[in-house]
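A quick write-up on the structure given underneath.
Residue numbers (our numbering): 15 to 637.
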């Protein structure tokens, strides 16, 4: 019951409010400043001035907002520019997280563009309209006030004329009464002559006439004043006040339209901003951690397998002369995580005079197998694309030549002949390069994948017997029958000029000279020899002819030591040769480019410094 009463009361109150609003609207239509505020001219002038000032204040508010919008858009664009991926970070763009971040920056840039649209629209549409309206209203108000002042001045002048006429009438009336009294006294005075009495009579008659004239003038001015006053307050002044009312209503209506227009400007870009937000959400949802993980594996996978267990060396069954002290790292993780994974923030940056960062080989033979094949495939795809483009260009030139030959007025065919020859030359060169890199890829694909890392190749088990590779490159074999057996796993050659993999055998070596190191690739294969053959020691003492010596002002402290797993002949500027089993000092670790900076003492009591492939050494860093 109470709910019904409450509902009925609420409906009654709402209907009452609606009726009151309708009555107010009707009353406002019937009411006007000219009728209701005929005596408030000064207050209306103040009110209209304040209203226009409020409009100007709103215009200033919009200007400040436009400045904020412009500054915000500019800062957003600078933010996007500052966080754009650098050239050195382009290789990370393949990851979904980086692609999402790049798309996020694009959407934020679009948001900045929409804020600029809001700023420009407010400036051109709203602020310009407010400024024009304010100027127009001030001019109209000034004219209205001037007309009102003129009407008031006319009324004031007429009232002054009426007051002056009234004063003249009052004076003339008093003078006439005095003249009548003087005549009556003179007429009753027997001592005065008739001539004197006649003079008083004439004066009386003159004063009465002047009083009548002043009375008529007063009546005339009074009629004029009343007519003017009635016209002033019923027509002239209400017209001016109504014009002020229209002016104020125009200002109020304009205020409403401009506020709504500013909101419409904001609303017009809301759908685009919403799409930008959807784009940001879509960019975030596109991130795939599994895909990024796969891409990391694809980028850094070398193709080697982890090292095998280090076999036990029974010294009682080995030749003591051939056994040398071998040094292994404290844990296998040192060898697996040493390459390109340690931070170099505290190390001295490499100088830029070395042209050995990344791969500096035409056939990418200094890269791990998987990375080499990927580089070659990318190079082949690039060449195929260039060949397709150059073929299209050549076909276009041939068609142009045919057209010129059919109609010489269109052009001289000989002018196209030179371009055709140049295009053919470029195309032939690209095809030669393509064939060359296809050959590189074919040979790289034919190379068997190593079953273990270079560290594991140092010690292998063959047919139940142990073969131990020492720092001098020799191998001690122990078997029963002395038959030659092939090694389980050979070292991987990274040079395209070396197609053979060195075969390690129990008692003999197929190549008496050991595995050769290709000057082209700078990467030699591991090798073994019979005990006492001297091959290993000879390789240890050999120094490449292309050794690059570098002298720095500041001597770097060693970070650890390393042992050469394979011989390396320096074939590029800044690199240093080394022999298998050679001990070197590490002065700068691999920073992700596949090279480690090392140092060793020379015969002149000095130091030789340079870079060697990280995959060719086993590092042990100081604690």
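Backbone N, C-alpha and C define an ideal beta-carbon position, used for all residues, glycine too.
For a test of the three-state rule: what should DSSP assign to residue i, helix, strand or coil?
{"i": "residue 555", "result": "Only weak support exists for where residue 555 lies, its pLDDT of 38 falling under 50; the value from the coordinates is given anyway. DSSP places residue 555 in helix when its eight states are reduced to three."}
{"i": "residue 631", "result": "strand"}
{"i": "residue 271", "result": "helix"}
{"i": "residue 213", "result": "helix"}
{"i": "residue 52", "result": "coil"}
{"i": "residue 636", "result": "coil"}
{"i": "residue 622", "result": "strand"}
{"i": "residue 244", "result": "helix"}
{"i": "residue 292", "result": "helix"}
{"i": "residue 344", "result": "Low local confidence applies: a pLDDT of 42 at residue 344 is under 50, so the model's placement there is unreliable, and no value is given."}
{"i": "residue 584", "result": "coil"}
{"i": "residue 601", "result": "strand"}
{"i": "residue 530", "result": "Note that residue 530 scores 36 on pLDDT, short of 50, meaning its location in the model is unreliable and no value can be drawn from it."}
{"i": "residue 651", "result": "Nothing about residue 651 can be reported from this structure: the residues present for the chain run from 15 to 637 only."}
{"i": "residue 111", "result": "helix"}
{"i": "residue 322", "result": "coil"}
{"i": "residue 316", "result": "coil"}
{"i": "residue 45", "result": "coil"}
{"i": "residue 649", "result": "The structure shown does not extend to residue 649, since the chain is modelled only from 15 to 637, so the question has no answer here."}
{"i": "residue 589", "result": "strand"}
{"i": "residue 369", "result": "In this predicted model, residue 369 has a pLDDT of only 39, less than 50, meaning its place in the structure is not dependable enough to derive any value."}
Exposed or buried, what is residue i when buried is set at 16 or more other beta-carbons lying within 10 Å of its beta-carbon?
{"i": "residue 141", "result": "buried"}
{"i": "residue 90", "result": "buried"}
{"i": "residue 620", "result": "exposed"}
{"i": "residue 636", "result": "exposed"}
{"i": "residue 307", "result": "exposed"}
{"i": "residue 97", "result": "exposed"}
{"i": "residue 312", "result": "exposed"}
{"i": "residue 385", "result": "buried"}
{"i": "residue 489", "result": "Because the pLDDT at residue 489 is just 37, under 50, the model does not fix this residue reliably, and the point stays unresolved."}
{"i": "residue 331", "result": "exposed"}
{"i": "residue 249", "result": "exposed"}
{"i": "residue 267", "result": "exposed"}
{"i": "residue 129", "result": "buried"}
{"i": "residue 320", "result": "exposed"}
{"i": "residue 390", "result": "buried"}
{"i": "residue 592", "result": "buried"}
{"i": "residue 75", "result": "exposed"}
{"i": "residue 324", "result": "exposed"}
Could you work out which residue in the options is closest to residue i when comparing CA atoms only?
{"i": "residue 588", "options": "605, 610, 576, 598", "result": "610"}
{"i": "residue 170", "options": "247, 113, 404, 216", "result": "247"}
{"i": "residue 63", "options": "288, 325, 152", "result": "152"}
{"i": "residue 388", "options": "447, 194, 309", "result": "309"}
{"i": "residue 181", "options": "460, 283, 260, 228", "result": "228"}
{"i": "residue 52", "options": "280, 251, 601", "result": "251"}
{"i": "residue 595", "options": "582, 586, 604, 605", "result": "582"}
{"i": "residue 109", "options": "317, 302, 590, 80", "result": "302"}
{"i": "residue 107", "options": "305, 296, 241", "result": "305"}
{"i": "residue 60", "options": "427, 319, 413, 255", "result": "255"}
{"i": "residue 276", "options": "599, 213, 80, 65", "result": "80"}
{"i": "residue 298", "options": "400, 74, 114", "result": "114"}
{"i": "residue 56", "options": "160, 427, 612", "result": "160"}
{"i": "residue 429", "options": "440, 591, 412", "result": "412"}
{"i": "residue 598", "options": "586, 584, 572", "result": "572"}
{"i": "residue 243", "options": "288, 50, 176, 284", "result": "176"}
{"i": "residue 127", "options": "287, 615, 292", "result": "287"}
{"i": "residue 629", "options": "185, 623, 607", "result": "607"}
{"i": "residue 434", "options": "280, 196, 623, 410", "result": "410"}
{"i": "residue 294", "options": "88, 622, 124", "result": "124"}
Throw me the rounded Cβ distance for the residue i and residue j pair, which I believe falls under 8 Å.
{"i": "residue 579", "j": "residue 602", "result": "Not quite, the Cβ-Cβ distance comes to about 19 Å (not below 8 Å), so this is no contact."}
{"i": "residue 627", "j": "residue 380", "result": "6 Å"}
{"i": "residue 189", "j": "residue 224", "result": "7 Å"}
{"i": "residue 382", "j": "residue 453", "result": "Residue 382 to residue 453, Cβ: 20 Å. No contact."}
{"i": "residue 253", "j": "residue 48", "result": "7 Å"}
{"i": "residue 69", "j": "residue 135", "result": "Rounded, the Cβ-Cβ distance is 19 Å, inconsistent with contact."}
{"i": "residue 83", "j": "residue 132", "result": "5 Å"}
{"i": "residue 397", "j": "residue 444", "result": "6 Å"}
{"i": "residue 408", "j": "residue 431", "result": "Incorrect: roughly 12 Å between the Cβ atoms, too far for contact."}
{"i": "residue 613", "j": "residue 604", "result": "Wrong, their Cβ atoms sit about 15 Å apart, outside the cutoff."}
Is it the case that the segment 111 to 125 contacts the segment 210 to 218, given that we only count it when at least three CB pairs across the two stretches are under 8 Å? Because the criterion of three Cβ pairs below 8 Å is not met, the segment 210 to 218 and the segment 111 to 125 do not touch.
Do the segment 224 to 241 and the segment 94 to 105 meet, that is, are 3 or more Cβ pairs less than 8 Å apart? When C-beta atoms of the segment 224 to 241 are compared with those of the segment 94 to 105, fewer than three pairs fall below 8 Å, so the two segments do not count as touching.
Inter-stretch contact at 8 Å, needing at least 3 Cβ pairs: the segment 193 to 207 / the segment 257 to 270: Judged by pairs of C-beta atoms under 8 Å, the segment 193 to 207 does not touch the segment 257 to 270, as fewer than three such pairs exist.
Would you call the segment 262 to 279 in contact with the segment 131 to 145, where contact means no fewer than 3 C-beta pairs closer than 8 Å? A contact between stretches requires three or more CB pairs, one per stretch, nearer than 8 Å, and the segment 262 to 279 meets this requirement with the segment 131 to 145.
Can we say the segment 450 to 457 touches the segment 413 to 428, given the rule of at least three CB pairs closer than 8 Å? By the Cβ criterion, the segment 450 to 457 is not in contact with the segment 413 to 428, since fewer than three pairs of Cβ atoms, one from each stretch, lie closer than 8 Å.
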